[in-house]
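Input: a single structure, listed below in structure tokens.
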Amino acid sequence: MTEQQPPVRVTSGHPTSTAAAGTRLDPWLDSYADRTHAMRASEIRALFAVANRPEVVSLAGGMPFLEGLPLDDLAELAARTIATRGLTAMQYGSGQGDETLREQILDVMRLEGIDAHPDDVVVTTGSQQALDLVTRIFVDPGDVVVAEAPSYVGALGVFRAYEAEVVHVPIDADGLVPELLDDTLTALARAGRRVKLLYTVPNFHNPAGVSISLERRPRILEIAARHGVLVLEDNPYGLLGFDREPLPAMRSMSDDGVIYLGSFSKTFAPGYRVGWAVAPHAVREKLVLASESAILCPSNASQLAISTYLQTCDWRGQIKAYREQYRERRDAMVDALAEHLPDASWTVPDGGFYTWVRLPEGLDAKDMLPRAVTARVAYVPGTAFYFDGQGADHMRLSFCFPTPERIREGVRRLAGVVRAERELVELFGTSSGTSRDTMHAPGPDLA
Amino acid sequence: MSVTSPRVAVLAGGLSHERDVSLRSGRRVAEALRGVGVEVTVHDVDADLVPALTQLRPDLVWPLLHGASGEDGSVRDVVRLLGIPMLGTDPRASRVAWSKPISKTVVARAGIATPDFVTFPQTLFHELGAGPVLELLDARLGLPLVVKPSRGGSALGVSLVTTHDYLPRAMVDCFSYSDTALVERAVEGVEVGVSVVDTGDGPIALPAVEIVTDGPYDYDARYNPGRTEYFAPARLSAGLARRAGEVAVAAHRALGLERISRTDLIVDPAGEVWFLEVNSSPGMTETSLLPQAAEAAGHNLGELYRSLVRASLAA
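Right, here's the structure in full:
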């Protein structure tokens, strides 16, 4: 329900016969920490409860398509691991993570030019947790985190939880724009704001699909260093380029100006919840302490599963298979958009999971979502990916999970929704402005 | 069939905009019933439903669906065709109650006050043009107005319009959820929900629950503890509280509702009780009004629900 000013609620002039105190149904209401005040149930989040139903073509989720995994081999590996190393797998382990795995992680990162030492690696429960821990050790309430415009919804949620303010910097087809970054950081410094982190997803950006060009990477590092800002490089998709070799990671160009976050979720599988951070020595010490206080140690069972997988199976071949699979889906998505939504515009990613679609003039992706749900198609409105309510004119479409046929069907349904919404907006002459309130995280399987 | 230990199939979920609320209602009712020894299975409304019910042959089906197909009677019609007894209002009366304009008309004929209103499908605006019609609304009904989907719940698509400029926006929001808008005069006053239950002796009103929100009583206010303060029983005089109960029971009867309902009312400063809408499948979540009203009346929820089950089976 929306309104311009709070209504006047007049209680009855008659005397009350029952003097029961009111309840807010939560006895702990006054106890919650300040940082939770931004947490709200939104009707958008509830609409996503429908998105998971099979009748709905969900172009909203970020779930990888796992049916190509060699499950029989993995089952055998799992059985063998428990049989031979069960007591290790079941036990607490090192707070920094299994040493063998940390070495293997170096092999994975080498594919993107990173040269590091196993001691620099901290294994975490998903790179999401590494993101949380880095924010925990750096960000005080009121600090600024600079991020791309748009930015990953899961990161925005973390920054909100630590009461940071996120300032967005525009991107284009080549990613974050260095000059605009420089201007933003200069303006913030002039205004006396403390900027702790530059958060970036440099490859096959979630949600925008673009990658930071090779030429811009050292420039961005130089700008960040000059302003005394630490770069947080979040790279789950770097190895999932369709037609080219991976670009060198920013961490490969700077040892102590970058904290790098990596993950097995998209290159292998998310279910194990294994990610990692590579941080400069002193930062890494603090990260380990923070991790230990959060979880004691990452899961040995999961780490051993991933470690034996890397040792025994053709993990590079699996990544190649994923690339083919996602390329086919990207093609289906882009073709369908061209056919059904010619009045919209969209990024054409050359890797990863997402395309970032700009709606025709006057339409609001958030307002349109209930109609889309009725039409049995789901997407994530662009407002989810901004800290400040922007993004209503965009939506993120993911092509990672549905089959190419379902992707085409989903876009077809979406075109019907856009048509109907357009009719409505033209009828009443309203245009999409900034959304009334910011969007909150839709949930883990949609991030 | 066993009246003493019945097997109940709760329906929860479905594909409406209120799926999430329905799932929570279903879960909570199932828990409460199991807590008093009733055997309960919970089913979503999907391709498995008809085969599951056919095979299971429960003694009773309790639909806890909110939103279209659940609340409009269609799923109830399916259960009726399956020949399984159901808790609550029959499909035809459900369909009438689901439409706000029709239910307002029916209760008005029964002498119950309800705010003046118009019902506009989106197509009307295509035919007549939006501008002239919106001007008329302003002139004839006056501000403030409430715009809401003619069929819908949980305050989805509902706007309180206090300035004329906001009216087009409110219409667009409403039409996102439904193809027909109900536009009615906004009444200031104490907002209450009065739940009605019939455990075999006819419909009885539970204590009115008063709702006080900072800001609008929107989706967040309804389902996120903290934004809304509830007074159960409502802070009304004995006379007004009784009157509110009478109106709710009268609405329940006038619309041919059965077993359980919740009527939303406003008691204005002059003591007039205004009918807003009725819900034949009221929410039963942790923040919903019916459970609060039942507890205010001293009922144990599980026992109350079991009585409703038994009454349905005995009927």
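From first to last, the protein sequence lines are chains R and W.
Numbers 3 to 449, taken from our numbering, label the letters of the first sequence in order.
Numbers 773 to 1087, taken from our numbering, label the letters of the second sequence in order.
Cβ atoms here follow ideal geometry from the backbone N, Cα and C, with glycine treated the same way.
| Check | Outcome |
| --- | --- |
| How far does the alpha helix (DSSP H) with W:I983 in it extend, from its first residue to its last? | Looking at the DSSP string, W:I983 is not in any alpha helix (DSSP H); the run it does join, the beta strand (DSSP E), is V981 to T985. |
| Considering only residues of the same chain and omitting the five flanking positions on each side of R:Q381, which have a CB-CB separation below 6 Å? | The amino acid at residue 381 of chain R is misidentified as Gln; the sequence shows Tyr. Closer than 6 Å at Cβ, skipping near neighbours: L61, A62, M397 and L399. |
| For R:A51, would you say it is in contact with chain W, using Cβ-to-Cβ distances shorter than 8 Å as the test? | yes |
| Could you name each continuous alpha helix (DSSP H) segment of 4 residues or more that falls completely within the region 791-868 of chain W, going from the start of the chain to the end? | 791-807, 821-828 and 846-854 |
| Per DSSP, R:M92 forms a beta bridge with which residues? | Looking at the DSSP assignment, R:M92 forms no beta bridge with any residue, so it has no partner. |
| Can you name the start and end residues of the alpha helix (DSSP H) that R:K322 belongs to? | W317 to H342 |
| Only counting the same chain, and skipping five residues up and downstream in sequence, which positions put a Cβ closer than 7 Å to that of R:A80? | A307 |
| Do you know offhand how far W:R1082's Cα is from W:D990's? | 35 Å |
| Relative to the C-alpha of W:L836, which candidate in W:A1069, W:R1078, W:T1057 and W:S1079 has its C-alpha closest? | W:T1057 |
| Beta-carbon separation of W:G785 and W:R791 under 8 Å? | yes |
| Check each candidate in R:E224, R:L234, R:Y239 and R:T310 and name the one with the smallest Cα separation from R:T86. | R:T310 |
| Assuming R:H294 is part of the alpha helix (DSSP H), what are its boundary residues? | According to the sequence shown, residue 294 of chain R is Glu rather than His. Its alpha helix (DSSP H) spans residues H283 to I297. |
| Straight-line CA distance for W:L828 to W:V812? | 11 Å |
| Measuring alpha carbon to alpha carbon, tell me which of R:E411, R:L108, R:V233 and R:V350 ends up nearest R:D174. | R:V350 |
| What are the residues in the region 409-433 of chain R lying within 7 Å of chain W by C-beta distance? | L426, V427, L429, F430, G431 and T432 |
| Between W:L787 and chain R, is there a C-beta pair that is closer than 8 Å? | yes |
| At 4 residues or longer, what runs of the alpha helix (DSSP H) sit wholly inside the region 93-180 of chain R? | 101-112, 128-140 and 155-163 |
| R:E363 versus chain W: which residues are under 8 Å apart at the beta carbon? | Near R:E363 there are no residues of chain W at all, since even the closest Cβ is about 15 Å away, more than 8 Å. |
| Compute the Euclidean distance between the alpha carbons of R:L312 and R:G95, then round it to the nearest angstrom. | 19 Å |
| Please report the residue range of the beta strand (DSSP E) in which R:M397 lies. | H396 to S400 |
| With 16 as the cutoff for other CB atoms within 10 Å, does W:A1086 come out buried or exposed? | exposed |
| To which residues of the same chain is R:S347 closer than 6 Å at the C-beta, ignoring the five residues directly before and after it? | R360 |
| Using the Cβ count rule (16 or more neighbours within 10 Å means buried), how would you classify W:S950? | buried |
| Decide if W:W834 is buried, meaning its Cβ has at least 16 other Cβ atoms within 10 Å, or exposed. | buried |
| What are the complete beta strand (DSSP E) segments, minimum 3 residues, inside the region 921-957 of chain W? | 931-933 and 952-957 |
| In whole angstroms, what separates the C-alpha of W:D818 from that of W:P863? | 19 Å |
| Buried or exposed: where does R:R47 fall if 16 or more other Cβ atoms within 10 Å of its Cβ makes it buried? | buried |
| Can you give the Cα-Cα distance for W:L1080 and W:E1067, rounded to whole angstroms? | 15 Å |
| Since R:P204 and R:E181 should fall inside the 8 Å C-beta cutoff, what is the C-beta to C-beta distance between them, to a whole number of angstroms? | Actually they are not in contact, since the Cβ atoms of R:P204 and R:E181 sit about 17 Å apart, beyond 8 Å. |
| In the structure shown, what three-state DSSP assignment does R:G533 receive? | Residue 533 of chain R cannot be examined here, being either before or after the span of chain R that is shown, 3 to 449. |
| So what does DSSP say about R:P383, is it helix, strand or coil? | strand |
| Name the chain W residues whose beta carbon is nearer than 8 Å to that of R:R162? | By Cβ distance, chain W contributes nothing, its closest Cβ being about 16 Å from R:R162, past 8 Å. |
| I believe W:L805 touches W:Y1077 by the beta-carbon criterion, under 8 Å. Please report the beta-carbon distance rounded to the nearest angstrom. | 5 Å |
| Within a Cβ cutoff of 7 Å, which residues of the same chain sit near W:T985, ignoring the five residues on either side of it in sequence? | A993, R999 and T1000 |
| Please report the Cβ distance between W:A1013 and W:A1023, rounded to the nearest whole angstrom; I am assuming they are in contact, meaning their Cβ atoms lie under 8 Å. | In fact, because the Cβ distance is near 16 Å, the residues do not count as touching under 8 Å. |
| Tell me which residues share the same chain as R:Y154 and place their Cβ nearer than 6 Å to its Cβ, disregarding the 5 neighbours each side in the sequence. | V203 and N208 |
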